[in-house]
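What follows is a set of notes on a single structure, which appears directly below.
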Amino acid sequence: MTEVELERAPTGHVEDFDFLVGHCRVRQRRLVGRLVGSTTWEEFDGECTMQKMLGGQANVDDNVLNPPAGTYRAITIRVFDPAARAWSIYWIDSRYPPSRIENPVVGGFDGPRGLFFSDDEWEGRPVRTRFIWQIDDRDSCRWDQALSPDGGITWETNWYMDFARTSA
């Protein structure tokens, strides 16, 4: 079995993202250059406030990101498809036109680990995108994003977010 076959997304459940409801401080570490062999990281903080919608079948979070180049906002929209038992996760970034919604990553959780994939494009090249969510406990979790230029054989992780719950 190849590494690509091992990296399949599990099925999801409507409660998968309940751990993220509320307000979190977010410590972020992002690779400065993606898929260019960069080893330079920038670190910055942010905030995330998430709420469930549609009776839990969807959720939205409002993100404030404070990288060195300047603060911006983004939202994540997650929608659960009960027939497919999968979540689709969309990212909308205030730095780009509102009509540009990125391709969703799709997947679910197996215990405290969520795995999500999509086929996309980075700087004109086809890539596979992978999100991993790792729930540590009720008050902390980690998200990371990786890109693969070779269909999922190799991965470059380019962004980490460590979430810590706050009272608001």
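Position 104 (the sequence shown) corresponds to 103 in numbering that gives the first Met the number 0; numbering is contiguous.
Just so you know, even glycine gets a beta-carbon here, dropped at the ideal spot from N, CA and C.
Those residues which DSSP pairs with residue i across a bridge
i	result
P125	E120
Pair within 8 Å by beta-carbon distance, residue i and residue j
i	j	result
G106	P9	yes
D143	Y159	yes
D44	L19	no
V25	E46	yes
D161	R137	no
G11	F108	yes
V190	F115	The chain is shown from 0 up to 167; residue 190 falls before or after that span and cannot be answered.
W132	G110	no
Residue range of the beta strand (DSSP E) that includes residue i
i	result
L30	21-30
E155	155-165
D61	57-64
D138	Note, D138: premise wrong, no beta strand (DSSP E); not H, not E.
I91	85-92
Y71	71-80
F43	40-52
F229	The displayed coordinates of the chain run from 0 to 167. Any statement about residue 229 would go beyond what the structure contains.
Buried versus exposed call for residue i [16 or more other C-beta atoms within 10 Å across all chains shown]
i	result
A85	buried
I100	exposed
E2	With a pLDDT of 43 at E2, under the threshold of 50, the modelled position of that residue is not reliable, and the figure given next carries that caveat. Per the 10 Å Cβ criterion, exposed.
R77	buried
Q27	buried
M52	exposed
A168	Shown here, the chain extends from 0 to 167; a query on residue 168 therefore has no answer.
R127	buried
R129	buried
W121	exposed
Residue i CB to nearest heavy atom of the ligand ATP below 7 Å
i	result
R141	Although the ligand ATP was asked about, the structure shown includes no ligands whatsoever.
Exercise. Counting pairs of Cβ atoms below 8 Å between the stretch 58-75 and the stretch 85-105, do you hit three or more?
Worked result: Yes: the two stretches touch, three or more of their Cβ pairs being nearer than 8 Å.
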